[in-house]
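Numbering-wise, our numbering comes out as the position in the sequence shown, counting from 1, plus 16.
Structure record follows, encoded as structure tokens.
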Amino acid sequence: MLPDGTIPGSLADLLAVFRPCFTAPTFSTFQGLALGLIAQTRRRTVCGMLLGAGLERLWHHSRAHRFFAAARWSTDQVGLALADLIVARLLPAGSPITIAVDDTLFKRSGMKVFGVAWHHDGAAKGPKPIGFGNCWVIAGIIVQLPFLSRPVCLPVLARLWRPRRTGKLAYAREMAELIAARHPDRTVHVVGDAAYVGEHLRGLAPQITWTSRLKVTSVLHELAPPHNGKMGRPRTKGPRLGTPSDLAATATWRTTRVRRYGRTDTVHVAEVICLWYGSFHTRTVRVVLVRDDKPRTSDRDERGYGLPLVTTDLTSAAEDLVARYASRWGIEQAFADARQVIGVGQARNRLRRAVERTVPFGLTCLSVVTVWYALHGHAPEDTAIHRSRARWYTTKTEPSYDDMVIKLRRVIIAARFRNPRPDLVTPQETQAVLAAWAAAGT
Numbered sequence: 017m018l019p020d021g022t023i024p025g026s027l028a029d030l031l032a033v034f035r036p037c038f039t040a041p042t043f044s045t046f047q048g049l050a051l052g053l054i055a056q057t058r059r060r061t062v063c064g065m066l067l068g069a070g071l072e073r074l075w076h077h078s079r080a081h082r083f084f085a086a087a088r089w090s091t092d093q094v095g096l097a098l099a100d101l102i103v104a105r106l107l108p109a110g111s112p113i114t115i116a117v118d119d120t121l122f123k124r125s126g127m128k129v130f131g132v133a134w135h136h137d138g139a140a141k142g143p144k145p146i147g148f149g150n151c152w153v154i155a156g157i158i159v160q161l162p163f164l165s166r167p168v169c170l171p172v173l174a175r176l177w178r179p180r181r182t183g184k185l186a187y188a189r190e191m192a193e194l195i196a197a198r199h200p201d202r203t204v205h206v207v208g209d210a211a212y213v214g215e216h217l218r219g220l221a222p223q224i225t226w227t228s229r230l231k232v233t234s235v236l237h238e239l240a241p242p243h244n245g246k247m248g249r250p251r252t253k254g255p256r257l258g259t260p261s262d263l264a265a266t267a268t269w270r271t272t273r274v275r276r277y278g279r280t281d282t283v284h285v286a287e288v289i290c291l292w293y294g295s296f297h298t299r300t301v302r303v304v305l306v307r308d309d310k311p312r313t314s315d316r317d318e319r320g321y322g323l324p325l326v327t328t329d330l331t332s333a334a335e336d337l338v339a340r341y342a343s344r345w346g347i348e349q350a351f352a353d354a355r356q357v358i359g360v361g362q363a364r365n366r367l368r369r370a371v372e373r374t375v376p377f378g379l380t381c382l383s384v385v386t387v388w389y390a391l392h393g394h395a396p397e398d399t400a401i402h403r404s405r406a407r408w409y410t411t412k413t414e415p416s417y418d419d420m421v422i423k424l425r426r427v428i429i430a431a432r433f434r435n436p437r438p439d440l441v442t443p444q445e446t447q448a449v450l451a452a453w454a455a456a457g458t
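Laid out in structure tokens, this is it:
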């Protein structure tokens, strides 16, 4: 058990959601390591989590390593429990669930680390966009928080992708179907970039819609004509429509306004109902072409459009589809926060089970911080306090993820150093509190 009062009550209530995923001893370890990862401001290794929780003198470090490498628990169960929490507490009743899927690279070194390989790394410095490490396919739920103008992505499930094995798109579909099966009463909208669309999406359940960027080389066809009663196999597709550029040349465009990336833009859209036979086979899809007045996407663009989208959602308005795809950017911000703020991927373990668990565990903690702040931590004066400390942020109007983590860290510090007898507090304890309080903001 953790020392009494170590975990703030508001955070303990959220972590209690994961209690069915563990045995009693393992759940205690989970609480301690989650607390340590959130509170730690330096290296977020496994032993660093113990230091962050203040448990380095109470627990042997093997207990923390055993949690990742040998204990009996499932990252999927933890992720689905987190998804249940997000859907129940942050989404309106009965509303659709929007899931963003993408992959990211957590760099590692050493050939003995399980699953490492050379991968594409869009954040790599230098002329070659490659990196060595573990590549993760991640699914996160998009939420709109009342104190933020931008959508936020909360990662819930992750899969370690290894070359020449199960594909990234297959993993993305698998995770989307897990969440959909967990909430059969809700429609699930999945959004991904051009890498997350293809023939692996054939046979997708009607409960799930899939929206992605359409590849510029895709060949589209009209819907199959009705059977004429003649002998022979019925036609499965109609006449060739061509590529997105061909559609843009003949489509009917209209001007509208869409909400995306925290602002409202005026854009031109065109819609076509058709077949993308190579990917979705005979399932009807909808192509939405978007262009605006920026030089790269104006009428002078030789392609005739700026953004081509393809979706299996045949009912939502085009404006909603554009906004939904734009919300996908939240998962990119989640990747940046995971690395830079909370230190996901810094653990140095090598065994298969430990490698497959440590990053999903860190992403769970990342999402728990946002859920905690949305339910218990937000105060309107938070942004003003930040501006008073850093007066050069004159345009800052919303809290960042860093602000959320700092506030939770200080709540953890207050719980850890709370004393029922203030007259018995020593000067050394006071200095420890002040030092920890200052470190929480770094």
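Just so you know, even glycine gets a beta-carbon here, dropped at the ideal spot from N, CA and C.
- Beta-bridge partners assigned by DSSP to Gly147: His135.
- Shown here, Arg256 sits in a strand according to DSSP, grouped into three states.
- Boundaries of the beta strand (DSSP E) harbouring Ile113: 113 to 123, taken from the DSSP string.
- For Arg175, DSSP records a beta bridge to Val153.
- Closest in C-alpha terms to Gly322, from the list Lys246, Ser44, Arg229, comes Arg229.
- By the neighbour-count criterion, in which 16 or more other beta carbons inside 10 Å mark a residue as buried, Tyr409 falls on the exposed side.
- Under the DSSP definition of a beta bridge, Val274 partners with Asp281.
- For Glu287, the three-state secondary structure derived from DSSP is strand.
- Only exposed fits His243, as fewer than 16 other CB atoms lie within 10 angstroms of its CB.
- As the crow flies, the alpha-carbon of Leu173 is around 7 Å from that of Gly156.
- Here His284 is buried: its Cβ has 16 or more other Cβ atoms, across all protein chains shown, within 10 Å.
- Under the DSSP assignment, Leu96 falls outside any beta strand (DSSP E), being part of the alpha helix (DSSP H) whose first and last residues are 91 to 106.
- Considered as a whole, the region 162 to 222 harbours 168 to 177, 204 to 208 as its complete beta strand (DSSP E) runs of no fewer than 3 residues, in chain order.
- Taking all protein chains in view, the Cβ of Gly248 is surrounded by fewer than 16 other Cβ atoms within 10 Å, so the residue is classified as exposed.
- Shown here, Arg432 sits in a helix according to DSSP, grouped into three states.
- Here DSSP, grouped into helix, strand and coil, assigns Leu391 to helix.
- Burial state of Gln47 is buried, judged by a 10 Å Cβ sphere holding 16 or more other Cβ atoms.
- In the same chain as His81, and ignoring 5 residues on each side of it, the C-beta atoms closer than 6 Å to its own belong to Val62, in chain order.
- According to DSSP, His237 shares a beta bridge with Arg256, Leu291.
- Assignment of Trp226 by DSSP, reduced to helix, strand and coil, places it in the strand class.
- For Pro396, no beta strand (DSSP E) segment is defined, and its DSSP state is neither H nor E.
- Residue pairing by DSSP places Ile54 in no beta bridge whatsoever.
- Checking the DSSP bridge columns, you'll see Thr327 partnered with Thr227, Arg302.
- Arg105 counts as exposed, since fewer than 16 other beta carbons sit within 10 angstroms of its beta carbon.
- Scanning its chain for C-beta atoms nearer than 8 Å, with the 5 sequence neighbours on each side dropped, one finds around Thr259 the residues Val232, Thr233, Ser234, Val235, Leu236, in chain order.
- A distance of 9 Å or more separates the beta carbons of Ala109 and Ile158.
- With a contact defined as Cβ atoms closer than 8 Å, Ser343 and Val207 qualify at about 7 Å.
- The region 355 to 365 and the region 66 to 73 do not touch, with fewer than three beta-carbon pairs separated by less than 8 Å.
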